[in-house]
Amino acid sequence: MKKIILAAVVLFAATFTMSAQQYHVVTSVESIVPNGLGRSRIINALEDKDYKEFTSVQTEDDNTRNKSKRNEIRVKNFEETKLLNFYNIGGIRFQNIAANDALITSMINDMVSNGWELAFVVSGVESEGGKGDGQGIFITRYIFKK
């Protein structure tokens, strides 16, 4: 009897670990453009894409360029949540950062309540590049798994 229970537990554990994990990425883009001229958003794709459909393999013998069409890659169904820009005409606006934190926290809590686990957070910045650039974003990718 103990062997049957042990076998059942091992089989159950093997089945559980073999099930494929599912991932979902949500991105926040926060503008660091001076004078509050940028746009800040949380972007959540509502449709799936298979990267293999848009992937080509380059070899020494065949270096044909990837001919995927942009309009086929583009996702047209997505959620867009407005965030506030880091800067306004007076400079950095800490209330805007607090408001963005509250909205991002709400989004994360909603994902968790729907069975997703926040697995990774990756961020990067492209900042002001010098006199006259006036460009900059702070981008964060929240990677969830089930």
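Residues -20 to -1, 1 to 126 (mature numbering (1 follows the signal peptide of the UniProt record, and there is no 0)) make up the sequence shown, in order. Here a beta-carbon is modelled for each residue, glycine too, at the ideal position from N, C-alpha and C.
Check your understanding: Three-state secondary structure (DSSP) at Phe118?
Key -> Working through the sequence shown from its first residue, we reach residue 118 at position 138. The answer is strand: DSSP assigns Phe118 an E or B state.
Check your understanding: Is Val6 buried or exposed, if buried means 16 or more other CB atoms sit within 10 Å of its CB?
Key -> Along the sequence shown, one-based indexing puts residue 6 at 26. Looking at its Cβ environment, which holds 16 or more other Cβ atoms inside 10 Å, Val6 is buried.
Check your understanding: Taking Glu10 as the reference, which of Ser86, Ala78, Leu64 and Lys49 has the closest Cα?
Key -> Here residue 10 refers to the residue found at position 30 when the sequence shown is read from its first residue. Just measuring C-alpha positions, the residue of Ser86, Ala78, Leu64 and Lys49 sitting nearest Glu10 is Leu64.
Point to revise | Straight-line Cα distance separating Trp96 from Thr44 | key: Within the sequence shown, the letter at position 64 stands for residue 44. Within the sequence shown, the letter at position 116 stands for residue 96. Here the C-alpha atom of Thr44 lies approximately 40 angstroms from the C-alpha atom of Trp96.
**Study point:** Spatial neighbours of Leu98 in its chain, beta-carbon cut-off 8 angstroms, leaving aside the 5 residues before and after
**Key:** Locating residue 98 in the sequence shown gives position 118, counting from the first residue. Around Leu98: Ile88, Met91, Val92, Tyr122, Ile123 and Phe124.
Practice item. Along the alpha helix (DSSP H) that carries Phe74, what are the first and last residues, could you check? Key: By 1-based counting over the sequence shown, the position of residue 74 is 94. Run containing Phe74: Phe74 to Ser93, per the alpha helix (DSSP H) assignment.
Review point. Ordered along the chain, which non-local residues of its own chain (more than five positions away) have a Cβ less than 8 angstroms from that of Ile72?
Key: Here residue 72 refers to the residue found at position 92 of the sequence shown. Once the five neighbours on either side are set aside, the close Cβ partners of Ile72 are Phe66.
Exercise for review: Please go through the segment 41 to 77 and give each complete alpha helix (DSSP H) segment of 4 or more residues, from N-terminal end onward.
Suggested key: As far as the segment 41 to 77 is concerned, its whole alpha helix (DSSP H) runs of at least 4 residues are 50 to 53.
Check your understanding: What residue from Gln115, Lys111, Gly116 and Thr85 has the CA that sits closest to Val101's CA?
Key -> Position 121 of the sequence shown, counted from the first residue, corresponds to residue 101. Distances from the CA of Val101 to each of Gln115, Lys111, Gly116 and Thr85 were compared; the closest alpha carbon is that of Thr85.
Practice item. Check the C-beta distance from Asn46 over to Ser36 and give it rounded, since I have them as a contact under 8 angstroms. Key: As a first step, residue 46 is located in the sequence shown; it is residue number 66 there, counting from the start. As a first step, residue 36 is located in the sequence shown; it is residue number 56 there, counting from the start. Confirmed, Cβ separation roughly 4 angstroms.
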